[in-house]
Structure formats: structure tokens, C-alpha cells
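Right, one structure below, let's go through it.
Below is the structure:
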């Protein structure tokens, strides 16, 4: 086929762009709903574990810390804690024995965070929950490929929005 497009090709391309445009317009709302649903899923798991001393947002912070040692800043940058006061929640997690907080050896103004034994136990339970969800979501190779493609698309969207913030949208006008 030559480099010229047929009228039918242009109609298909136009429909695809309209469809992608509509999908993009709804993405932020879908992401917001998914975040709320995920917090609901965590709430259900906490109830199943009979844990009433930790909120879903605090459990999400435990998941974000995971098996790593992070600075407070890294924790805040990695997570999205939907209208919550991250400092308050972190203070509570330390007081409740889920997180250990120590002063950084290099910079006394900075604190390092890692999960305490109680936090590690919860993290393990939440990871088991996630494993069950991925087993349900990606039962076939095709479904696993869809999950991976969705992840890549969401990361591209995150980079695009980060660039808009970082560069004040000047490259997108």
C-alpha cells in the first residue's frame, strides 16, 4: 500500500482519536474511584484480620514502606494518601508499633522509616491479599498482558502529568 491514506483509513483514525480522547477525559475520575475502592478492599481485609487499630490509609502506608528503609520524604512521594494528614498517620503508626522511626545518620533533620515486627506481619498479610487479587485478575497469559499494558499506560500518564507540573505545562500548549 502507498503512503496515502484512504478515506476509510482516515475515518477509522478519527474514531480512534475520539475514543481515546473520551477515555482520557474519564481517566482521572476512574483513577480516583479505583483508589477509593482499593481503600475499601484494604478496610475489608483489616476487618477480616480483626485489626481495628489501623485505618486503610495507614495500612497503605505500611504497604508503601514494605521491606525497605525509607526517608519520610520518600514515603510521601511514593504514596497518595487521599486527603489524609501523612504526618499524623505516620506518628500514629510509630506509636502503635507498626513502624520504627530513627534519625538519619547522615542528616539529623531527616528520619528513616522501616516496618516494626507488627508492621511486617501486616505487610505480609496485605501482600497475600494482593497475590489473590492478581491471581484472579490475570488468569491467562492474555489477561496478564492486559494488566502489564495497563500498568505501562498508567505510568506514562503519571509521567505526563508530572511533566505538566514540573514544567508548568509550557511544553503542552
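In our numbering, the protein residues as written are 45 to 217.
Quick reminder that beta carbons are idealized off the backbone N, C-alpha and C, glycines included.
For residue 153, the secondary structure class from DSSP, reduced to helix, strand or coil, is coil. Secondary structure of residue 200 (DSSP, three-state): helix. Rounded to whole angstroms, the separation of the alpha carbons of residue 122 and residue 115 is 11 Å. In the structure shown, residue 137 falls within a helical segment according to DSSP collapsed to helix, strand and coil.
For residue 118, the uninterrupted alpha helix (DSSP H) segment begins and ends at 116-122.
Residue 145 sits in a strand when the DSSP states are folded into three classes. Comparing alpha-carbon positions, the option among 183, 139, 153, 106 lying closest to residue 169 turns out to be 106.
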